[in-house]
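For the sequence shown, our numbering gives the first residue as 1, with consecutive numbering after it. One structure is given here, and the rest of the page talks about it.
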Amino acid sequence: MRLSELAELYERIEGTSKRLEIRHLLAEVIPTVPEAEIDLFLYLLQGQLRPEYEGIELGMADSLARKALALVSGGSGDSIKELAKGSGDLGDTARELLEHRPRSLDDAPPLELTETYQALWRMARATGEGSQEVKVRTFAELMRRASPVEAKHLVRFVLGKLRLGVKEMTLLDALAEAFGGPDFKEARSRIEEAFNVTSDLGEIGRRLRQGGLAALREVRVAVGKPVRPMLAEREPSLAAVLKRMPEGAAFEYKYDGLRIQAHVPAEGSPRLFSRRLEDIGAQFPELLAALPSSLASRPAIVEGECVPVDPETGDLRPFQEISRRRGRKHDLEKYAEEVPIRYLLFDLLLQGEESLLGLPYPERRRRLEELLRPSGQVGLATRREIGGLPEAESFFQEALADGCEGIMAKSMAPGSTYRAGARGFWWIKYKREYTHELADTIDVVVVGAFWGRGKRAGKFGAFLVAAYDPDTETFATLCKVGSGFDEESLEKLTADLRGRAVPDRPEEVTSHLVPDVWLEPSLVLEIRGAELSLSPVHRAAFGRLREGFGLALRFPRYTGRLREDKAPEQATTTGELVRLYQNQVRKAAAEGTGESSEGSPPT
Ligand code: AMP
Numbered sequence: 001m002r003l004s005e006l007a008e009l010y011e012r013i014e015g016t017s018k019r020l021e022i023r024h025l026l027a028e029v030i031p032t033v034p035e036a037e038i039d040l041f042l043y044l045l046q047g048q049l050r051p052e053y054e055g056i057e058l059g060m061a062d063s064l065a066r067k068a069l070a071l072v073s074g075g076s077g078d079s080i081k082e083l084a085k086g087s088g089d090l091g092d093t094a095r096e097l098l099e100h101r102p103r104s105l106d107d108a109p110p111l112e113l114t115e116t117y118q119a120l121w122r123m124a125r126a127t128g129e130g131s132q133e134v135k136v137r138t139f140a141e142l143m144r145r146a147s148p149v150e151a152k153h154l155v156r157f158v159l160g161k162l163r164l165g166v167k168e169m170t171l172l173d174a175l176a177e178a179f180g181g182p183d184f185k186e187a188r189s190r191i192e193e194a195f196n197v198t199s200d201l202g203e204i205g206r207r208l209r210q211g212g213l214a215a216l217r218e219v220r221v222a223v224g225k226p227v228r229p230m231l232a233e234r235e236p237s238l239a240a241v242l243k244r245m246p247e248g249a250a251f252e253y254k255y256d257g258l259r260i261q262a263h264v265p266a267e268g269s270p271r272l273f274s275r276r277l278e279d280i281g282a283q284f285p286e287l288l289a290a291l292p293s294s295l296a297s298r299p300a301i302v303e304g305e306c307v308p309v310d311p312e313t314g315d316l317r318p319f320q321e322i323s324r325r326r327g328r329k330h331d332l333e334k335y336a337e338e339v340p341i342r343y344l345l346f347d348l349l350l351q352g353e354e355s356l357l358g359l360p361y362p363e364r365r366r367r368l369e370e371l372l373r374p375s376g377q378v379g380l381a382t383r384r385e386i387g388g389l390p391e392a393e394s395f396f397q398e399a400l401a402d403g404c405e406g407i408m409a410k411s412m413a414p415g416s417t418y419r420a421g422a423r424g425f426w427w428i429k430y431k432r433e434y435t436h437e438l439a440d441t442i443d444v445v446v447v448g449a450f451w452g453r454g455k456r457a458g459k460f461g462a463f464l465v466a467a468y469d470p471d472t473e474t475f476a477t478l479c480k481v482g483s484g485f486d487e488e489s490l491e492k493l494t495a496d497l498r499g500r501a502v503p504d505r506p507e508e509v510t511s512h513l514v515p516d517v518w519l520e521p522s523l524v525l526e527i528r529g530a531e532l533s534l535s536p537v538h539r540a541a542f543g544r545l546r547e548g549f550g551l552a553l554r555f556p557r558y559t560g561r562l563r564e565d566k567a568p569e570q571a572t573t574t575g576e577l578v579r580l581y582q583n584q585v586r587k588a589a590a591e592g593t594g595e596s597s598e599g600s601p602p603t
C-alpha cells in the first residue's frame, strides 16, 4: 500500500469533525488495506507505532524535524522556524516547503506504507550517542521522497501532534462497520470485548481482516498484553449495595492505592501495568523481585492494589506516598526502604494457559487463594462473604478502621465473570459517607485555567474542569474549581499545564464558559463538592435531565490528589454523574428534606 492512500485519508478525516462521517470514511478504506499491513495502518492512524501500552515514543524534537526539513528544502533551520511561526504548525510549513522544492527530486519513488513505518520505527528505536543524527537523517530521507501532503502528516506524526489521531472508539466503530456484517451493534460489542482483552487494535484489525468476526474467538488473554480493567459502579448505601446482589455478595477492603495488573511469565521478569495500561514496573523493583516466588505456578496475570505501608507498624499509609515514585528513575531503592509497599491481590485473570475471565468471581478468588504464597510484599485483599446488613456495616467499619477508604462489594452470582473494560453492578464501591456532602469524590479533567490575582498573580488560580462523555468522546464542563489548592501545588500545576495550552477550545471539549487559557485535556484531578445541581452554564450530561440544563458541582474543592494513574478518558463519566444526581435526589426525598438540588437555584 502506498503512503499516499493513508495521507489522503488523513486529509479527508481532517476535513470533518463528525464521528459518524469519520467512521464511514475509515470503513470504506480499511477493507482495502492489505492483510500484512492492516496492523501498521491502524497504529499509524492513531498516531502511534505500536499499541499504546508499549509506550513507544518517537521522541523527535521540533528542532530535529526542522533540521531534516532544512536538509531537504535547502532552507536553514532558522528560516523554517520563522515560517512555522507564521502558520503555527510545522506540518503545514513542511507541506509548503515541499510544494516549492527543486523539481529534480520529483522522480524519487513514492513511499510505501511499510517502508515508511520501518523508517519511523528505526527513528523510535535510535537511542544514545548519535541517535539524533540517525533520526534527522532517516527523517530527511522520508521527507525527500514524500509528497507535500505526506510530509505534512509525517511531520505532525513524529512530533506527536497528529491532531486527528483517530480515537480508539471511532476505530472500533469503523472496524465493526467494515467487517461486522448487518448487525452493527452486535459486531461493535464483540469487537470491543475482544479489544478489552488484548488492548491491541492492530491485532484486532488483523484478525478481522483474516477471518471476520469469527476470528475474534482466537483473541486470548496473554502475558504482556494488558487486559482493560473491570470497573465498579456506586450505590449510596450499603442496603442498596446488597439489593443489587441478590445472589450473594462478598465484600473486600477498598484500598486507596494504585491498581496494578501484574503479568508474571513462566521465566523472566514480570511486567506491571497501571490502570491506564502504562508499564510501571520500573517504579516497583521490589515487586518485580518478589512476584515470581509469590505464585505457586506461572505464567499468571493477577490484579491488585499496591499500597504504601508504615515500615514500623505495617499500617496502611496515604496513597500520595507511592505516587512520589512516579516518573523517577533513580533512588527507587531509597523509596522502597522509606515507604515500603504491599501488593494486595483481588483477582486472577490468567493461570497457565487458561483464561479465567469467563469464570465467576468466587471461582477466580478460590483459585487466586490457592495460587498465592503470601509474603511480606504480596498478600490477599481482606474479604468476607456478607450475610446481611449488620454484617455489611461491621465489615465496612473494620475497613475504615484499618485505613481503607471503604469497601468493594463483589457479586457472587454465576454470571459474575471478569468483564474487561466494563463498568457494571457486579462490583460496587461504597466509600465513607458524609452527611451533608456528596459522599463520593469525582475525578475531573482539566480543560481550561484562569489566571490568579493578588498573591496568585502569574500562576493559575482556578481551573475549568470536565467529565468524560464516552458516547460522544467529549469532555463536558462540570465546574470551575479554585479551592483546596495550596500555593505550591498551583505553581506546579501552572508549570505542568502551560505546555498544554492551546489557542482555541479543543474540539473534544464542550463548554459555555471561556477560560483565560484553554488546555488540551490531559490531567485528571480528584475533587469533592457539596452536591450536584442542574445548571444552564455547565455542559456535563447536557439535556439529559432537563432540556437546556447540564450538571454542575456546587462548592467544589480539590482533594489534593492528582489522578496521574488515570487517562482523561478514565475520568468520571457524565453517565456516572447522572446516577449520582439521581441518588442524591432520591436520598433527599427519603430524608424528607425536600432539599434536592432540583429546587436549588442553578449555578
Ligand atoms: P475508583 O478509583 O474510586 O473508581 O475505585 C475503583 C478502584 O478501587 C479500582 O480501580 C482499584 O484500583 C481500587 N480497589 C481497591 N481495592 C479494591 C478491591 N478489593 N477490588 C477492586 N478494586 C479495588
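For glycine and all other residues, C-beta sits at the position ideal for the given N, C-alpha and C.
- Rounded to the nearest whole angstrom, the C-alpha separation of residue 208 and residue 484 is 49 Å.
- For residue 252, the CB falls within less than 8 Å of some heavy atom of ligand 1.
- In the DSSP assignment, the residues bridged to residue 428 are 233 and 409.
- Between the C-alpha atoms of residue 148 and residue 1 there is a straight-line separation of about 18 Å.
- The stretch 156-176 makes contact with the stretch 10-20: 3 or more CB pairs, one atom from each, lie closer than 8 Å.
- By the criterion of a C-beta distance shorter than 8 Å, residue 114 is surrounded in its chain by 1, 36, 37 and 40, once the five residues flanking it on both sides are discounted.
- Around the beta carbon of residue 447, a 10 Å sphere encloses 16 or more other beta carbons of the protein chains shown; the residue is thus reported as buried.
- Not one heavy atom of ligand 1 is found less than 8 Å from the C-beta of residue 273.
- The residues 262, 345 and 348, in chain order, have a CB closer than 6 Å to that of residue 302 in the same chain once the five nearest residues on each side in sequence are set aside.
- Looking at the backbone, the Cα of residue 284 and that of residue 340 are separated by about 10 Å.
- Under the 8 Å Cβ criterion, the stretch 467-475 does not count as touching the stretch 492-501, having fewer than three qualifying pairs.
- Cβ neighbours of residue 77 within its own chain (closer than 6 Å, five residues either side excluded): 66, 67 and 70.
- Checking the 8 Å criterion, the Cβ of residue 258 is within range of a heavy atom belonging to ligand 1.
- Here residue 176 is buried: its Cβ has 16 or more other Cβ atoms, across all protein chains shown, within 10 Å.
- Between residue 391 and residue 412, the C-beta spacing is not below 9 Å.
- Counting only the Cα atoms, residue 49 lies some 47 Å from residue 395.
- Of the heavy atoms belonging to ligand 1, at least one sits nearer than 8 Å to the Cβ of residue 255.
- Taking a C-beta distance under 9 Å as the contact criterion, residue 449 and residue 464 qualify as a contact pair.
- Taking a cut-off of 8 Å on C-beta distances, the stretch 292-301 touches the stretch 261-277, as three or more cross pairs fall below it.
- When 279, 124 and 400 are compared, the shortest CA-CA separation from residue 60 is found for 124.
- With a 10 Å radius around the Cβ and a threshold of 16 neighbouring Cβ atoms, residue 521 comes out buried.
- For residue 202, the uninterrupted alpha helix (DSSP H) run begins and ends at 201-211, by DSSP.
- DSSP lists 464 as the beta-bridge partner residues of residue 480.
- In the structure shown, the three-state DSSP call for residue 347 is strand.
- In the three-state DSSP reduction, residue 240 falls in the helix class (H, G or I).
- At a cut-off of 8 Å, the beta-carbon of residue 238 does not count as near ligand 1: no heavy atom of the ligand is closer than that.
- Under the 10 Å beta carbon count, residue 486 is surrounded by fewer than 16 other beta carbons and is classified as exposed.
- By the Cβ rule, the stretch 208-225 does not count as touching the stretch 233-240, because fewer than three pairs are nearer than 8 Å.
- In terms of Cβ geometry, residue 553 and residue 571 do not form a close pair [threshold 9 Å].
- Spatial neighbours of residue 546 in its own chain (CB-CB distance under 8 Å, excluding positions within 5 residues in sequence) are listed in chain order as 534.
- Apart from the 5 residues on each side of it in sequence, residue 16 sits with its Cβ closer than 8 Å to the Cβ of 22 and 25 in its chain, given in chain order.
- Contact between the stretch 276-295 and the stretch 238-252 is absent: fewer than three C-beta pairs spanning the two stretches fall below 8 Å.
- Between ligand 1 and residue 346, a heavy atom-to-CB distance of less than 8 Å is present.
- About 7 Å separates the beta carbon of residue 146 from that of residue 98, a gap short enough to meet the 8 Å contact definition.
- Around the C-beta of residue 514, fewer than 16 other C-beta atoms lie within 10 Å, and the residue is accordingly described as exposed.
- In this chain, residue 271 is not harboured by any alpha helix (DSSP H); it is covered by the beta strand (DSSP E) spanning 271-273.
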